[in-house]
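Remarks on the structure that follows.
Residue numbers (the working numbering): 464 to 595.
Given below as structure tokens:
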């Protein structure tokens, strides 16, 4: 039986993570990305990766250790202050791996994923198909 042909539209964090997971299962997808290069536009700010979603996906992609090299554990909570700066309330999180939400810059995560996938072709947009 031959491997399935899979197309992924978009080389953002989700599409690239899926592609890397598929590669670990010997399935080579085709990724379509309209940006002409990974640096053609801003990738946005940071991403907080939850234990049971983003972190799990990076484990499955075999990239969690690489992610940890760049992850930050800043600002795990947001304090509530009065207008004079006095602390009113600060929601607490248990200091455990179950609740840690390390963050990473989107551009750094995308580069980790691009290097792992080996993607070097960009600028291919999938056109809208008006056929039913």
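We treat Cβ as the ideally placed atom computed from N, Cα and C, and that holds for glycine.
Within the same chain, Cβ atoms closer than 6 Å to the Cβ of residue 534 are found at 565 and 567, the five residues on either side in sequence being excluded. In the DSSP annotation of this structure, the continuous segment of the alpha helix (DSSP H) that includes residue 529 starts and ends at 527-533.
For a cut-off of 8 Å, the C-beta gap from residue 523 to residue 494 is around 17 Å, too long to register as a contact. If you draw a straight line from the Cα of residue 488 to the Cα of residue 526, it comes to about 14 Å.
Under the three-state reduction of DSSP, residue 523 is assigned to helix. Inside the stretch 485-521, DSSP marks whole beta strand (DSSP E) runs of 3 or more residues at positions 493-495 and 509-511, from first to last along the chain. Bounds of any beta strand (DSSP E) do not take in residue 575; it lies within the alpha helix (DSSP H) bounded by 569-580. Proximity to residue 528 across 575, 465 and 474 peaks at 575, based on C-alpha coordinates.
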